[in-house]
Structure formats: structure tokens, C-alpha cells
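As C-alpha cells, the structure follows; a few thoughts come after it.
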Amino acid sequence: MATRGSKRVTMRQIAARARVSVGTVSHVINNSAGVREEVRKRVLDAIERLGYQPSLLARGLRRNQTTILGMIIPDISNPFFPLVVRGVEDIAYQNSYRLMLCNTDNDAQKEQVYFDELRAYRMAGLIVIPSADSRLVPMAAASGGEIPVICLDRCPEGWKGDTVTVDNAEGAYQAARYLLELGHRRIATIAGQLHVTSGVERLKGFKRALREAGVSIAPEYIQEGRFDRLSGYEKGLMLLQFSPRPTAIVAANDLVALGVLAALREMGLRCPEDVSLVGFDDQEIASFTNPALTTVAQPAYQMGARAAALLFERLRGEDVPTQQVVMKATLRVRDSAAAPGGE
Ligand code: RIB
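Residue numbers for the sequence shown follow the numbering used here, so the first one is 139 and each next one is one higher.
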């Protein structure tokens, strides 16, 4: 329906103006039955003159499904996620679908509320970047597979459905290996939440690189952060006060790395002369920090686009086996890491 002045235009008004039944108007709008060309033209003319807009919600109710995709993300303030959303939205738009975006602030309870409401709104499908301690597995099981769900970026324990992730462990492994090859032996890390799979996997890759190089890790050199600037700053200050101080830090993502840069500045230390630093994501900010951040690039936009394409394969009923898509993470060398300073 559209509004004419303050009133919504109804199908009944269209029918009266075109001198046909409401049923005929419905057939013309939904292109659902043979209507004589002369009658169709009268109805379309009445629709245009009255400025009528069909109600997509009403159509969704009739079909018990909308042309809307639901997407749930954990932290809209982290620039990584809007890039992923952009990839999803472009594919949705190409398929004449729209996106309903929900931000959970990494809160599993909020995620459950959103998941249930998006189902109630009859979303055609869901793309979920799970929150920490996500209950996606039981939630998806409870929905009985009524709509396709794609898990993106993190994959909760026990998830058996479609996933699109990046090789987090390999990315963190490359970061640590790069520092080892520069000659660093006192390498610390500020990990992401260790109940989020991307955090767990990156820590595994970090540990594997040092283990293979025969380099021991002081327990206090492994700090758990929260994938944000504040935890990078707080844990960075802590690490930089240890004696001996680490000569390099691998950050769980670029926001954590920004926090470490602030801690270095506060302590009057230089990067990379005093402490080398490597991030993860290759967010746009990584090129503009001083020094420009060496980091691990992950294809955020492409991850979103791939997840949406997979969802549309499901919506078209293509009988493809469950997909576990793992995309590459690539070390991007800039200026924030160098051989350890002379000690
Ligand atoms: O959730 C925080 C991090 O996980 C993001 O920065 C990105 O690295 C994602 O994989």
C-alpha cells in the first residue's frame, strides 16, 4: 500500500477506480492469472495514478517467507564486520533480496533473541557470525532446518552446517614465523577471547610456529584480550613492563595492535626499534598507523560474498553437500616489525 496524503491506498480503491474486482487487482499485482490486456492496463493505470505500493510484508505473510536475509554480527564497531556485511549485501541486492542486520555485542543472550525474532519475521535465510559462547548449534537444531543458516568467521563447537572462515591458525603462524625469521626470540601475543574460535585458532598457530622453532614461551607472554583497542592497550602495558620485555608482540587483530601502539607511546617505547608488532585483519587503518602496520590480511568482503552466494544456492534448492569454505590469510609486510634492536 502507499499513502495518498495521510491515507494508505488500498487494493479496494484500485479496484473501484479500474472498475474490476479486488481479486483481479491481486492477479495483476502478483501476475498470478490470465487477465485481459485491456483490463490489465486499466488496473496498472489506476495503480500509477493512486501511487499504490504493494505491501511486501503482506506478500511475505501470504508466502510465509520474505525476500529478506537476516544477518547477525558480534561487534558493529569493529571495522572488520561492516566489510563482511558489505559483501553479503551486494550479493543480496543482486538477487533482489534485502538484509536485516543485528548486532549482538558478543552477547549470546542477545544473539538468541535476534535469532528467534528473525525466524518470526520469516527471513528467507540467516548468516551468523556467532557471539562468544554462542548457542547457535542448539538454536539452529531447534529451528528444525526450516531456513538455511550459514556460519561465518567463527564456528561454534558442534556446528555441522555450512561455514565460511579464514585459515586463522595459518595466518597467526605466518605472523609468528615472520618475527622468528627477523631474529626475535622473546615473542608475546595478545590473543582474542579464548572461547571464540578465531581467538583459539590464532593462538594455536602462534604456538605452533614457536614450538617448531624450538622457542619457549613464558606463560605470561600469552595474554587473553577481547579483539578490541582497550584490551590491546591494557595487555600491552602489562607485557611491556615485564622483565625481560618481549621484543615482539603478535596481536589477535588490528584493533588490539592499535591498543599496543598506544601503550608503546605511553611508555616512551618505539615501534619497531624497541618492540615489533604484527596485527590481523589488514583493516584500512593498518596502512595509516605510524608505523604502518604489518598484519595478516583476511578477505572480509569476499567472505561475506561467498557466504551469501552459498545461502542463495541453498535457497534455490541446489543439492550441494554441506560446505566448509576456508579462505586464505596472507601476511602483509609493512613497517611495524624489524630485527630486534641491539641489546
Ligand atoms: O571478532 C574479532 C575478530 O575476528 C575480527 O577482528 C576478525 O579478525 C575476526 O576474524
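C-beta: ideal position from N, C-alpha, C; glycine also.
Since residue i and residue j are thought to touch, with beta carbons under 8 Å apart, how far apart are those beta carbons, to the nearest angstrom?
i	j	result
Val302	Ile288	7 Å
Ile387	Gly374	7 Å
Gly486	Met441	Absent from the model: residue 486. The displayed extent of the chain is 139 to 481, so no value can be given.
Val413	Thr385	6 Å
Gly509	Val434	Nothing in the structure corresponds to residue 509, since the chain is present only between 139 and 481.
Leu377	Ala326	5 Å
Gln461	Asp300	5 Å
Arg155	Leu188	7 Å
Ala347	Pro410	Contact flag wrong, Cβ pair sits at about 18 Å.
Ile210	Tyr252	5 Å
Tyr371	Gly330	The Cβ separation is near 15 Å, so there is no contact.
Ile328	Ala389	5 Å
Ile206	Met261	6 Å
Ala117	Val147	As displayed, the chain neither begins before 139 nor continues past 481, which places residue 117 out of reach and without an answer.
Thr432	Val464	Their Cβ separation, rounded to whole angstroms, is 23 Å, which puts Thr432 and Val464 out of contact at 8 Å.
Ile355	Lys342	The Cβ separation is near 13 Å, so there is no contact.
Asp271	His333	6 Å
Ile267	Phe450	Contact flag wrong, Cβ pair sits at about 18 Å.
Gly321	Pro478	5 Å
Val163	Arg178	Actually they are not in contact, since the Cβ atoms of Val163 and Arg178 sit about 10 Å apart, beyond 8 Å.
Gly263	Leu453	6 Å
Arg256	Gly208	First, the residue type needs correcting, since residue 256 is Leu and not Arg in the sequence shown. The pair is a contact, with the Cβ atoms about 4 Å apart (cut-off 8 Å).
Glu249	Ser269	5 Å
Arg340	Ala307	7 Å
Ala467	Gln436	5 Å
Val158	Arg174	Rounded, the Cβ-Cβ distance is 10 Å, inconsistent with contact.
Glu362	Phe380	About 16 Å; that fails the 8 Å criterion.
Gln323	Pro382	The question names Gln, but residue 323 is Arg in the sequence shown. Actually they are not in contact, since the Cβ atoms of Arg323 and Pro382 sit about 10 Å apart, beyond 8 Å.
Can you tell me which residues form a DSSP beta bridge with residue i?
i	result
Met149	According to DSSP, Met149 bridges with nothing at all.
Thr468	Ala435
Thr124	For residue 124 there is no data in the structure shown, the boundaries of the chain being 139 and 481.
Gly208	Met238, Leu264
Ile328	Gln361, Ala389
Tell me, please, whether the CB atom of residue i is closer than 7 Å to any CB atom in chain C?
i	result
Gly363	No chain C is present in this structure, which holds just one protein chain.
Hey, which unbroken runs of the beta strand (DSSP E) at 3 residues or more fall wholly within the region 361-442?
386-389, 414-416, 433-435
Counting only runs that start and end within the region 249-325, where is the beta strand (DSSP E) found for 3 or more residues in a row?
263-266, 287-290, 300-304
The region 445-455 / the region 417-437 touching (three or more Cβ pairs under 8 Å):
no
Does the count of Cβ pairs from the region 311-328 and the region 290-300 closer than 8 Å reach three?
no
Specify whether the region 227-246 and the region 207-215 touch according to this definition: at least 3 beta carbon pairs, one from each stretch, less than 8 Å apart.
yes
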